[in-house]
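Q: Going by my numbering, the first residue of the sequence shown is number 99, and it counts up by one from there. First, the structure itself, so that you have it in front of you.
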Amino acid sequence: MSDDIQQGDDPQGDTKQHMHVDSYERKWVMISIGFLVFFVIMITIAGLALGIQVPTDEGRVNPNTLEDALPWSEPGLREIVPGEEYEVYIVARRFSFDPREITVPKGAHVTFWATSADVQHGFALEGTNVNMMVIPGQVSKLAAQFDEPGEYDFICHEYCGLGHAVMYGTLTVES
Ligand code: CUA
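Right under this line is the structure:
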């Protein structure tokens, strides 16, 4: 009698068998969902709270006519506020950066603008968070502050051909 009642009270007994997910598999599904939620939370915190953003598209430029107009016709350092605020316009081409040497005073806040005259390059400046793709037709922009005097090498970190390994330059921070 009690058996009959229990079976009758469990209408899902039948369904359960059809919907059965192995407990091992269920655990992995849960762990995967947990990872996804964790990553979304971390990306949200990094992007909104810590302000870590990927370099954004700062505009378009025709790579074939870079020499025709400012600022790309005259790459190099611009002093915005002496001793404080600087801008550098960098043209990357196989296999060099123009300019190759940059000198700023200690404490300078430098905004880097870069584009390519030919193929895809990279621009990574040691000891800073300046690390961006340099893409023909597109302008990349990142900024950094230099409080420690010294020499900081920047390199092309995107394979661009046989001379890729010699594509580098130096930023000097004077005291
Ligand atoms: Cu330019 Cu590698």
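Every residue gets a Cβ at the ideal spot worked out from N, C-alpha and C, and that includes glycine.
1) On the CB-based measure, 16 or more other CB atoms within 10 Å of its CB, does A147 come out buried or exposed?
2) Report all residues from its chain with a CB closer than 6 Å to the CB of Q243; omit the five preceding and five following residues, and keep chain order.
3) Report all residues from its chain with a CB closer than 8 Å to the CB of V159; omit the five preceding and five following residues, and keep chain order.
4) Just mark I188 as buried or exposed, buried being the case when its beta carbon has 16 or more other beta carbons within 10 Å.
5) Which residue comes first and which comes last in the alpha helix (DSSP H) that contains G132?
6) Is it right to say I150 is buried, meaning 16 or more other beta carbons lie within 10 angstroms of its own, or is it exposed?
7) Along the chain, where does the beta strand (DSSP E) containing A278 start, and where does it finish?
8) Around the Cβ of L168, are there at least 16 other Cβ atoms within 10 angstroms (buried) or fewer (exposed)?
9) Less than 8 Å between the CB of A320 and some heavy atom of the ligand CUA, yes or no?
10) For a quick check, are the C-beta atoms of P203 and G181 less than 9 Å apart?
11) Provide the residue span of the beta strand (DSSP E) that contains V179, from first to last.
12) Could you give the residue range of the beta strand (DSSP E) that holds L269?
13) Could you have a look at T226 and say whether DSSP puts it in helix, strand or coil?
14) Here's a check: name, in chain order, each residue in its chain whose Cβ is nearer than 7 Å to the Cβ of P173, leaving out the five neighbours to either side.
15) Taking G248 as part of the beta strand (DSSP E), name the residues at either end of that continuous run.
16) With DSSP as the reference, identify every bridge partner of I233, one or two as the case may be.
A: Looking at the coordinates:
1) exposed
2) These residues qualify, in order along the chain: H207.
3) Within the same chain, W170, T213, G235, Q236, V237 come within 8 Å of V159 by CB-CB distance, once the 5 residues on both sides are set aside.
4) buried
5) 121–142
6) exposed
7) This structure cannot speak to residue 278, because the chain is shown only from 99 to 273.
8) exposed
9) An answer regarding residue 320 cannot be provided, because it is not within the stretch 99 to 273 covered by the chain.
10) yes
11) 174–179
12) Run containing L269: 266–272, per the beta strand (DSSP E) assignment.
13) In the structure shown, T226 sits in coil (DSSP, three-state: anything other than H, G, I, E or B).
14) Y187, I188, V189, D196, P197
15) 248–253
16) Paired residues: none, contrary to the question.
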